[in-house]
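Mapping of the sequence shown onto my numbering: residues 1493 to 1688, in sequence order.
To start, the structure under review is shown below, and the notes come after it.
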Amino acid sequence: MNKELDIDSALGIRTSGRVDSHADVHHHPYEATPYEVLDRIIDGGYIDGNDILADMGCGKGRVSIYLSLRTGCKSIGIEYNKELYETAIDNLHYSGVKNVSFVYLDAAKYKITDETSFFFFNPFADNIFRSVLNNIIMSYYENPREMKLFFYYPDDSYLAILRNTDELSFVADIDCGTDTDRREYVAVYKIEILKD
1493 MNKELDIDSA LGIRTSGRVD SHADVHHHPY EATPYEVLDR IIDGGYIDGN
1543 DILADMGCGK GRVSIYLSLR TGCKSIGIEY NKELYETAID NLHYSGVKNV
1593 SFVYLDAAKY KITDETSFFF FNPFADNIFR SVLNNIIMSY YENPREMKLF
1643 FYYPDDSYLA ILRNTDELSF VADIDCGTDT DRREYVAVYK IEILKD
């Protein structure tokens, strides 16, 4: 039995696998976040029905559909790859989940307004990530609110950027893996503007 395929089948979606066809120096391949990882975020109480989640580089839509279904959160998936975006739209249709939408756009150009949570599985290169992170922080200044950022299997370069961004505070590491893979976790950060 394959838990990933079984849950996909139960939800009426197809999100498993890896897609390298549109990867380049700026955009990394699509690989589905394991359902067990998403369950650990849910079980930790990090996302609930009051959240508005932006899945940056949503691929086939698994994170948006599953987290919305399980928590009641509103979810928006942002995807630059047209083929993956169209698959996400199909998956949404077949899943029947209502509180999810997908946007066909480069994440660096996405206008953040009232989103409260942001999910990343190393979707793009550092230069795009810096732009997206800057947009998230600017959104906080325009509309102060509690904001959480989730980084599954975080790349070392992402972590260096996060550690050197004054507006971010580390919250927790959610262990998701085995002793053999030190990156099998979710790093959780929050926006926290320190006052002088």
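Beta carbons: idealized from backbone N, C-alpha and C, even for Gly.
Bear in mind the structure is a predicted one, so any value in this text is a computation, not a measurement.
Suppose the cutoff is 7 Å on Cβ atoms and the five residues either side in sequence are ignored; what does the same chain contact list for residue i look like?
i: L1597; result: I1570 and Y1572
i: G1661; result: The sequence shown places Ser at residue 1661, not Gly. Excluding positions up to five away in sequence, the list reads Y1681, K1682 and E1684.
i: V1529; result: Y1644, C1668 and V1678
Taking the Cβ atom as the reference point for each residue, do residue i and residue j lie within a distance shorter than 8 Å?
i: Y1538; j: E1496; result: no
i: G1504; j: Y1586; result: yes
i: I1653; j: F1621; result: yes
i: A1599; j: F1611; result: no
i: K1552; j: L1576; result: yes
i: G1536; j: G1564; result: no
i: T1579; j: R1554; result: no
i: T1657; j: N1635; result: no
i: R1562; j: I1534; result: yes
With H, G and I counted as helix, E and B as strand and the rest as coil, what does DSSP make of residue i?
i: M1548; result: strand
i: K1621; result: Sequence inspection shows Phe at residue 1621; the Lys mentioned does not correspond to that position. In this structure, F1621 counts as helix in the three-state DSSP scheme.
i: S1501; result: helix
i: E1496; result: helix
i: S1631; result: helix
i: T1507; result: coil
So, for residue i: in the same chain, excluding its five sequence neighbours on each side, which residues have a beta-carbon less than 6 Å away from its beta-carbon?
i: S1609; result: I1539, D1543, L1545 and K1640
i: S1556; result: D1547, C1550, S1567, G1569 and V1592
i: E1607; result: I1544 and A1546
Within its chain, find whatever has a CB closer than 8 Å to the CB of residue i; leave out the 5 residues flanking it on each side and keep chain order.
i: G1588; result: G1504
i: Y1650; result: F1612, N1614, D1618, F1621 and F1643
i: H1518; result: With a pLDDT of 49 at H1518, under the threshold of 50, the modelled position of this residue cannot be trusted; read the value that follows with caution. Closer than 8 Å at Cβ, skipping near neighbours: F1616, A1617, N1619 and I1620.
As an exercise, report each continuous alpha helix (DSSP H) stretch of at least 4 residues that is fully enclosed by the segment 1528-1603, in chain order. Taking 4 residues as the minimum length, the alpha helix (DSSP H) runs contained wholly in the segment 1528-1603 are 1554-1563 and 1574-1587, in order along the chain.
Can you list the beta strand (DSSP E) stretches of 3 or more residues lying completely in the segment 1633-1685, in chain order? Every beta strand (DSSP E) stretch that sits fully inside the segment 1633-1685 and reaches 3 residues is listed by chain position as 1640-1644, 1660-1667 and 1677-1683.
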